[in-house]
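>
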Amino acid sequence: QNEEKWDFVLVSDIHEMGSEKEIKRKKFLDELSKKGFTIKKIEDTKLFYGVRAPQYIFWKYQHLQRKADSRQQNSSTHEDVEETTRIRIVNFILRNTVTPDLEKLHDLMKKKVFEAAFPLHKKEDIREILNKKWARWRVLFKEQPIKEIRCYFGEKVALYFAWLGWYTYLLVFAALAGLVTFVAGTTVFSSSQVSKEICDANTTFMCPLCDQNCSFWVLSDTCTYAKVTHMIDNEATVAFAMFMAVWATVFLELWKRERATVVTDWNLHEWDEDEEELALQLINNLQHEPRQYQHSYFCNTIILILALLLIMVLIGIAHMLVIYRAVAMALFTQSEVNLLSKHANTMAVMTGAVLHYITIIVMTKVNRHVALFLCDLEEPRTFSQQESSFAVKIFIFQFFTNFSSLIYIAFFLGRINGHPGQYVRIAGRWRLEECHPSGCITDLFIQMAVIMLLKQTISNIMEYLIPLISHQLRKKRKRPKKRSVMLGEEEEVEDPCKKQWLKNYELNEVNIFSLFNEYLEMVIQYSFTTIFVAAFPLAPLLALINNVIEIHMDAIKMMRLHRRMVPRKTNDIGIWLQILEAIGILAVIGNGLVIAITSDFIPVQVYKYMYSPCTRENHTGMDCSTGYINNSLSVFHIQDFEPHTKVLPEFKGHQIKECRYRDYRNADDYTYTVQFWHIFAARLAFLILFEHVALCVKLIAAWYIPDVPQRVKNTILFDKHKNLRNELSTMEYVTEV
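Going by this note's numbering, the sequence shown opens with residue 10, and the numbers climb by one from there.
Laid out in structure tokens, this is it:
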């Protein structure tokens with residue numbers, strides 16, 4: 010039975026005898042044989058080589074581990090090495106074995122000498138447990154078997170799922186808070202005074218939305234839009250944004266505690282990555298010299314310049330989307346189709362959001378190549394350093410890809426478009442779009458909703474369907490042709506490995522960044538859930554639904570559709586924790602800006618306390634925001650329109666002399682009024698206050714919740730104490746003898 014345990018399988022095409030590829034392959038396999046590896050060859054439509062490492066390699070590793078970890082010193086016997094450790098060591102040796110031509114497995118795969126190298130999914134009890142308790146849809150709301158995941162896929166994958174499970178669990182609270190905010194918006198605030206005034210304003214004539222043949226319009230036409238805006242833009246949103254800033258901190262602090270507990274249970278809290286890597290290098294080759302740490306300012310400057318160039322391109326793409334929306338708005342408004350011309354603004358926003366989603370998909374591929382190229386320039390020392398460096402770069406690029414358009418809508422839309430008689434135009438023709446009289450926040454809401462829904466539905470379906478379909482295709486294509494019965498009968502019977510190896514070969518290949526992609530997807534989703542959450546309170550709910558499905562979809566993919574991942578040892582989630590902390594700070598800034606700048610919260614408050622009827626006399630029974638809409642619209646005289654503007658002065662029988670537009674400007678010379686500066690000052694004051702309060706609360710939360718639970722600290726303390734005591738008693742015993 011033991012004879013048939015194979016650590017790895019190498020797959021190669023059948024090359025002609027004496028061809029260059031065949032010689033290279035033989036040289037590589039000879040090197041492995043010299044190291045004591047057992048190699049078994051099976052021929053089918055491809056050549057399969059089973060590889061098994063000699064036992065002494067694992068004994069060396071165990072010995073080095075014991076020296077590194079004094080707690081296991083007492084055991085000198087050779088225990089069985091865990092399956093994950095076996096695979097990890099064999100993978101390392103395979104990848105670092107050098108042929109006489111100075112080529113490694115990586116180079117040979119590039120030259121098509123070998124096609125694939127992978128560890129096997131075997132019929133183990135643990136695999137049955139995972140298939141039953143984890144990789145199926147029936148156990149959607151059950152706890153994940155993290156211990157078993159670790160035993161089968163190694164610590165790195167287990168920690169990813171532990172983190173994802175924890176994040177999903179805490180999203181429940183954020184989703185409930187978001188739902189409450191949204192429901193409060195639909196019930197309590199739908200009857201707000203501001204939207205009531207918009208709905209009653211059937212004599213307020215607004216300035217035309219375009220330059221050619223656009224008529225004036227009545228403010229009350231946009232009644233529904235105003236109601237939707239006040240569902241999102243109300244006092245509850247401010248409280249919710251504050252809550253989310255605290256939630257983000259609490260989530261990370263609690264995760265640090267969870268991680269400390271998990272890692273201590275696994276006995277990895279003192280594990281050192283450099284030591285692990287050096288141990289593996291020396292086991293592979295005793296003459297190995299360690300690669301030194303290097304830092305080059307010149308190289309870093311080049312990387313910085315190239316990264317900034319790509320960021321400029323990404324911001325340029327956001328500008329293109331702005332131009333698209335301005336042009337689309339103009340074309341839709343003049344369209345013959347009634348539906349388009351009536352809802353021109355919403356249609357421009359919706360199509361703009363879909364276009365934005367398409368640019369996200371395209372630019373993700375570009376960003377990945379650029380980030381990898383920049384990583385190669387940097388020449389990181391170890392694989393985990395390469396992964397950290399790559400993670401930071403790709404996250405920054407993805408952040409700009411996903412958020413530059415949202416940042417424009419949140420903070421620039423309607424603020425840089427000028428005013429009637431003096432509009433800012435693109436190429437002198439198209440006017441930049443304006444905000445709706447009831448505020449810009451609905452545009453941001455639509456954009457976020459479209460992108461999040463598309464990302465979660467389409468991306469998830471593709472993520473599952475592509476491996477599923479390609480697995481089915483590989484199955485059909487790779488099935489060996491049935492040999493004639495007379496020749497093949499004995500061979501089919503005698504080799505049980507063949508079926509298993511073929512079955513594993515038919516699965517989709519995994520690359521070293523498979524898990525990385527999952528992290529990246531989740532981190533971008535976390536950004537959507539926290540950064541502009543004030544404009545889209547349903548984001549945590551969407552994220553929660555997505556994650557519950559995502560966990561089990563990833564499990565099914567890993568267990569049934571992909572070859573087995575090479576396990577990797579680690580004791581934390583690496584650079585992602587710093588990235589999540591950075592997002593937490595961005596979330597405070599982002600939500601502060603959304604409430605201060607995008608939402609109408611501040612202008613309404615300034616009006617209530619400084620300009621409303623309440624300030625002049627005592628109106629106890631009156632709503633203080635009465636008259637706000639009339640106050641927030643400026644007056645424009647029609648004779649001041651630019652010469653090329655064609656408007657129809659007649660509107661529903663009224664001869665119109667002046668129209669209204671959203672801004673705080675004087676009616677005679679169109680300069681800003683005092684109220685504009687009051688609001689500007691209030692916005693800044695609120696922003697500073699909100700951010701300082703939120704950051705203080707974050708710091709207090711971080712201090713209040715210790716990173717490592719007391720139980721874990723005590724376990725480590727007692728372990729150290731026990732080891733020192735044992736050392737001393739052994740020493741005294743030796744001296745007595």
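Cβ coordinates follow ideal geometry from the N, Cα and C atoms, glycine included.
Source: prediction; values computed, not measured.
Using C-beta distances below 7 Å, list every residue in its chain close to residue 745, excluding the 5 sequence neighbours before and after it, in chain order.
Taking the first residue of the sequence shown as position 1, residue 745 is located at position 736. Excluding sequence positions up to five before and after residue 745, its CB lies less than 7 Å from no other CB in the same chain.
> What does the Cβ neighbour count give for residue 678, buried or exposed, with the cut at 16 atoms within 10 Å?
Position 669 of the sequence shown, counted from the start, is the residue given in the question as residue 678. The residue is exposed, with fewer than 16 neighbouring Cβ atoms inside 10 Å.
> Under 8 Å, do residue 338 and residue 459 count as touching if we go by C-beta distance?
By 1-based counting over the sequence shown, the position of residue 338 is 329. By 1-based counting over the sequence shown, the position of residue 459 is 450. Cβ atoms of residue 338 and residue 459: not closer than 8 Å.
> Please decide whether residue 53 counts as near chain B, where near means a Cβ-Cβ distance under 8 Å.
As a matter of chain content, chain B is missing from the structure shown, which is built from one protein chain.
> Residue 158 and residue 129 - do their beta-carbons sit closer together than 8 Å?
For the purposes of this step, residue 129 is taken as the residue at position 120 of the sequence shown. For the purposes of this step, residue 158 is taken as the residue at position 149 of the sequence shown. In this structure, residue 158 does not lie closer than 8 Å to residue 129 by Cβ.
> Using the C-alpha atoms, what's the distance from residue 334 back to residue 349?
Position 340 of the sequence shown, counting from 1, holds the residue named residue 349. Position 325 of the sequence shown, counting from 1, holds the residue named residue 334. The straight-line gap from Cα to Cα measures roughly 14 Å.
> Could you say which of 427, 104 and 710 lies nearest to residue 681 if we only look at CA atoms?
Numbered from 1 along the sequence shown, position 672 holds the residue referred to as residue 681. Comparing Cα-Cα distances from residue 681 to each of 427, 104 and 710, the minimum goes to 427.
> For residue 741 and residue 254, what's the separation of their Cα atoms in angstroms?
Along the sequence shown, one-based indexing puts residue 741 at 732. Along the sequence shown, one-based indexing puts residue 254 at 245. When rounded, the distance between both Cα atoms is 57 Å.
> Take the Cβ of residue 307 as the centre, count every other Cβ of all protein chains shown within 10 Å, and call the residue buried at 16 or more, exposed below.
The residue you call residue 307 lines up with position 298 of the sequence shown. Under this definition residue 307 is an exposed residue.
> Mind the definition here: the stretch 704-718 touches the stretch 257-275 only if three or more C-beta pairs lie below 8 Å; say whether that holds.
yes
> In its own chain, which residues sit with a C-beta less than 7 Å from the C-beta of residue 499, not counting the 5 before and 5 after it?
Here residue 499 is taken as the residue at index 490 of the sequence shown, counted from 1. Residue placement at residue 499 cannot be trusted, given a pLDDT of 45 that sits under 50; what the coordinates show is reported in the next sentence. Once the five neighbours on either side are set aside, residue 499 has no close Cβ partner at all.
> Looking only at its chain, what residues have a beta carbon closer than 7 Å to the beta carbon of residue 596, apart from the 5 residues adjacent to it on each side?
For the purposes of this step, residue 596 is taken as residue 587 along the sequence shown, with counting starting at 1. Contacts found: 253, 254, 257, 539 and 540.
> Between the stretch 312-320 and the stretch 122-136, do three or more beta carbon pairs fall short of 8 Å?
Taking one beta carbon from each stretch, the stretch 312-320 and the stretch 122-136 have fewer than 3 pairs nearer than 8 Å; the two do not touch.
> Tell me the DSSP secondary structure of residue 579 in three-state form.
The residue you call residue 579 lines up with position 570 of the sequence shown. Correct three-state label for residue 579: coil.
> In or out: residue 631 buried (at least 16 other Cβ within 10 Å) or exposed?
To locate residue 631, count along the sequence shown from 1; it is residue 622. Label assigned to residue 631: exposed.
> Does the separation of the CB atoms of residue 62 and residue 102 fall below 8 Å?
Within the sequence shown, the letter at position 53 stands for residue 62. Within the sequence shown, the letter at position 93 stands for residue 102. Yes; because the gap between Cβ atoms is below 8 Å, this pair is in contact.
> Let me know if residue 19 comes out buried or exposed under the rule of 16 or more other beta-carbons within 10 Å of its beta-carbon.
By one-based count along the sequence shown, residue 19 stands at place 10. By the 10 Å Cβ count, residue 19 comes out buried.
> Note the first and the last residue of the continuous beta strand (DSSP E) segment covering residue 667.
Counting from one through the sequence shown, the residue named residue 667 turns up at place 658. 667-671 is the span of the beta strand (DSSP E), which, as asked, contains residue 667.
> Rounded to whole angstroms, what is the Cα-Cα separation between residue 332 and residue 364?
Taking the sequence shown and counting its residues from 1, one reaches residue 332 at position 323. Taking the sequence shown and counting its residues from 1, one reaches residue 364 at position 355. Looking at the two C-alpha atoms, the distance is approximately 12 Å.
> Unbroken beta strand (DSSP E) runs of length 3 or more, entirely within the stretch 190-240: which are they?
Under the rule that a run must span 3 or more residues, the beta strand (DSSP E) segments found entirely inside the stretch 190-240 read 221-223.
> Would you kindly work out how many angstroms separate the C-alpha atoms of residue 656 and residue 663, rounded to a whole number?
To locate residue 656, count along the sequence shown from 1; it is residue 647. To locate residue 663, count along the sequence shown from 1; it is residue 654. When only Cα atoms are considered, residue 656 and residue 663 end up about 14 Å apart.
> Between the Cα of residue 197 and those of 243, 181, 727 and 176, spot the shortest distance and give me the residue it belongs to.
The residue given as residue 197 occupies position 188 in the sequence shown. Here the closest residue by C-alpha is 243.
> My assumption, with CB atoms under 8 Å, is that residue 516 sits in contact with residue 480. Please give the rounded CB distance.
Within the sequence shown, numbered from 1, the residue matching residue 516 stands at position 507. Within the sequence shown, numbered from 1, the residue matching residue 480 stands at position 471. About 6 Å separates the two Cβ atoms, so the contact holds.
> Sort 593, 692, 635 and 563 by Cα distance to residue 170 and report the nearest one.
The residue you call residue 170 lines up with position 161 of the sequence shown. Among 593, 692, 635 and 563, the Cα nearest to that of residue 170 belongs to 563.
> In the DSSP assignment, the beta strand (DSSP E) including residue 643 goes from what residue to what residue?
The residue you call residue 643 lines up with position 634 of the sequence shown. From DSSP, the beta strand (DSSP E) with residue 643 extends over 642-646.
> Among 37, 17, 402 and 56, which has the Cα closest to the Cα of residue 25?
Residue numbering aside, residue 25 sits at position 16 when the sequence shown is read from its first letter. Per the Cα distances, 56.
> Less than 6 Å between C-beta atoms, sequence neighbours within five positions excluded: which residues of the same chain meet that for residue 599?
In the sequence shown, the residue the question calls residue 599 occupies position 590. Within the same chain, residue 599 has close Cβ partners 540 and 541.
> Per the DSSP calculation, residue 655 is bridged to which residue(s)?
The residue labelled residue 655 in the question sits at position 646 within the sequence shown. Residue 655 is bridged to 221.
> Following the continuous beta strand (DSSP E) through residue 126, name the residue where it begins and the one where it ends.
Reading the sequence shown from its first residue, position 117 is the one you call residue 126. Unbroken beta strand (DSSP E) run through residue 126: 125-127.
> From residue 241 to residue 522, what distance separates their C-alpha atoms?
For the purposes of this step, residue 241 is taken as residue 232 along the sequence shown, with counting starting at 1. For the purposes of this step, residue 522 is taken as residue 513 along the sequence shown, with counting starting at 1. C-alpha separation (whole angstroms): 39 Å.
> Near residue 367, what residues of its chain come up, given a Cβ to Cβ distance below 7 Å and the 5 sequence neighbours on each side ignored?
Within the sequence shown, residue 367 is the residue found at index 358, counting from 1. Excluding sequence neighbours, residue 367 sits near nothing in its chain.
> Can you tell me the Cα-Cα spacing of residue 14 and residue 722, whole angstroms?
Locating residue 14 in the sequence shown gives position 5, counting from the first residue. Locating residue 722 in the sequence shown gives position 713, counting from the first residue. Between residue 14 and residue 722, the C-alpha separation is close to 40 Å.
> How big is the Cα-Cα spacing for residue 187 and residue 52?
Residue mapping note: residue 187 aligns to position 178 of the sequence shown, counting from 1. Residue mapping note: residue 52 aligns to position 43 of the sequence shown, counting from 1. C-alpha separation (whole angstroms): 59 Å.
> Taking 8 Å as the cut-off, decide whether the C-beta atoms of residue 536 and residue 204 are in contact.
As a position in the sequence shown, residue 536 is number 527, starting the count at 1. As a position in the sequence shown, residue 204 is number 195, starting the count at 1. Contact flag unset, no.
> What separation, rounded to the nearest whole angstrom, lies between the Cα atoms of residue 302 and residue 688?
Position 293 of the sequence shown holds residue 302. Position 679 of the sequence shown holds residue 688. Answer to the nearest angstrom: the Cα atoms are 54 Å apart.
> Cα-Cα, which of 661, 251, 645 and 530 is closest to residue 703?
Locating residue 703 in the sequence shown gives position 694, where the first residue counts as 1. For residue 703, the closest of 661, 251, 645 and 530 by C-alpha to C-alpha distance is 251.
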